[in-house]
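Colleague:
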Amino acid sequence: MDFGLLTLRVVHITAAMLWVGGGIIGSFFLNPTAKALGPSAQPFMDHLASRRRMSIYFPVVATLTVVAGAFLYWRDSGGLRAEWIASPTGLAFTIGALCGIASLVLGGVLVGPSLSEQSAVQNE
96 MDFGLLTLRV
106 VHITAAMLWV
116 GGGIIGSFFL
126 NPTAKALGPS
136 AQPFMDHLAS
146 RRRMSIYFPV
156 VATLTVVAGA
166 FLYWRDSGGL
176 RAEWIASPTG
186 LAFTIGALCG
196 IASLVLGGVL
206 VGPSLSEQSA
216 VQNE
């Protein structure tokens, strides 16, 4: 049994579940509740971002997902062999990898600065 491969798979799958699950909770429950509460939601959101370290949680699980996935992709593709990448399995993994990388980048560019800003304001 290849424990390196097993470890990569466990890290990739677990981190992806945490990343997607956190996004679902935030999108469908936290954000609508915060909008409904209006200005009184600000202390809760500040606490979530700074004290509960949500601004650290998402970048960590997103990066773990993408890095472990990149190693798995490299391994499965035999070092990025074009014939594997062009196969149905390779195309599915390539599309998934591109979506994961795009999500990491967009999260870092669009969401990351606002969470960091909230943490900085809370710490003042």
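No gaps in the numbering here: position 76 of the sequence shown is 171 in the working numbering, and each next residue is one more.
Think of the CB as a built atom: it goes at the ideal place given N, C-alpha and C, for glycine as much as any other residue.
Helix or strand or just coil, what does DSSP make of LEU103?
Modeller: Reduced to three states, the DSSP call for LEU103 is helix.
Colleague: Classify ALA181 as helix, strand or coil using the three-state DSSP reduction.
Modeller: Coil, per DSSP.
Colleague: Since LEU167 and LEU103 should fall inside the 8 Å C-beta cutoff, what is the C-beta to C-beta distance between them, to a whole number of angstroms?
Modeller: That pair is a contact at about 5 Å.
Colleague: Assuming THR160 contacts ALA111 under a Cβ cut-off of 8 Å, what Cβ separation, rounded to an integer in Å, is found between them?
Modeller: 5 Å between Cβ atoms; contact.
Colleague: If you run the structure through DSSP and keep just helix, strand and coil, what is GLY202?
Modeller: Correct three-state label for GLY202: helix.
Colleague: State the Cα-Cα distance for the pair LEU132 and ALA192, rounded to the nearest angstrom.
Modeller: Distance between the alpha carbons of LEU132 and ALA192 is about 37 Å.
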